[in-house]
Amino acid sequence: MYCTYADGVAFPEDVLADEEEIVLHVRPHWKAVVLPALVLVLALSGLVMGLVLLPATDGGRIGLLMVAAIMLYYGGRYGVHPLLDWRCTEYVLTGERLLMQRGIVDRERRDLPLNRINDHAMKQSLLDRVFGSGTLTIDSIGDQRAVLAGVPAAQLVQSTLYELIELAPAREAEEEEEEDQPQRGSSSGRRSR
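Take the sequence shown: its letter number 183 is residue 183 in the numbering used here, and every next letter is one higher.
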């Protein structure tokens, strides 16, 4: 099953191992951009109001510069920065591991192998249930914890994660059997000579 919510997002293929395929590629739910977009619109509206309402005198220009500085600060800090942070955050689930990547200028990437995950839980508020999103908390061996906040289709992501975790030991056992069979065959061939 392949599901890509983050279409158009180029995830670097060189990060993936040979024969590793992306099963799920998501970014935080779009509801995370509503408030920053609203702040950005309000900041731009305040700037336009300052341009229209303040007189063209020296005092008006000083007032306009102050309004522009305040609106640019709040628009950048509470509007543009959260929007860019949302755009640069990705959660990628492959057949072997979970990759979490975030960062606008400095990039942080964390890998969590599926065979080390021993617990995963989903938390949904009322608003999350309405939008189908949620927060996944994933615990792994060694007291490591990963929190995926605002995951869209959280139930689908959790069930896909569960299926991949259940398939991981079966795949490892098959690979071990394939590795053991040629060795057994070659050693028995040597004995018969």
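Cβ coordinates follow ideal geometry from the N, Cα and C atoms, glycine included.
Query	Result
Assigned exposure category for Ala43 - 16 Cβ within 10 Å defines buried	buried
Exposure of Thr57, with buried meaning 16 or more beta-carbon neighbours within 10 Å	exposed
Inter-residue spacing [alpha-carbon to alpha-carbon] between Arg113 and Leu83	Sequence inspection shows Pro at residue 113; the Arg mentioned does not correspond to that position. Going from the Cα of Pro113 to the Cα of Leu83 covers about 29 Å.
Beta-carbon separation (whole angstroms), Thr137 vs Val151, contact threshold 8 Å	Incorrect: roughly 11 Å between the Cβ atoms, too far for contact.
Buried or exposed by the 16-neighbour rule on C-beta atoms within 10 Å, applied to Glu19	exposed
Pairwise C-alpha distance: Asn115 and Gly75	43 Å
Contiguous beta strand (DSSP E) assignments of at least 3 residues, all confined to the stretch 44 to 104	90 to 94, 97 to 102
Sequence-distant residues of its chain with Cβ nearer than 6 Å to Met71 (five each side left out)	Ala43, Gly46, Leu47
When Tyr78, Val67, Gly79, Asp85 are compared against Gly103, the one with the closest alpha-carbon	Asp85
Which listed residue (Ile165, Ser125, Val105, His120) has its alpha carbon closest to that of His81	Val105
Contact between the stretch 51 to 66 and the stretch 20 to 30 (3+ Cβ pairs under 8 Å)	no
Ala68 and Gly50 closer than 8 Å at C-beta	yes
Distance CB(Leu93)-CB(Leu40) smaller than 8 Å	no
C-alpha gap between His120 and Ser159, whole angstroms	10 Å
Where Ile165 sits in the DSSP three-state scheme	helix
Where Val157 falls, given that 16 or more other Cβ within 10 Å makes a residue buried	buried
Residue of Ala149, Ser133, Ala153 minimising C-alpha distance to Met100	Ala149
CA-to-CA distance, Gln155 to Val130, given in whole angstroms	13 Å
Exposure label - Gly189; buried when at least 16 CB within 10 Å	Bear in mind that the predicted position of Gly189 carries a pLDDT of just 45, short of 50, making it unreliable; the figure below should be weighed with that in mind. Gly189 comes out exposed.
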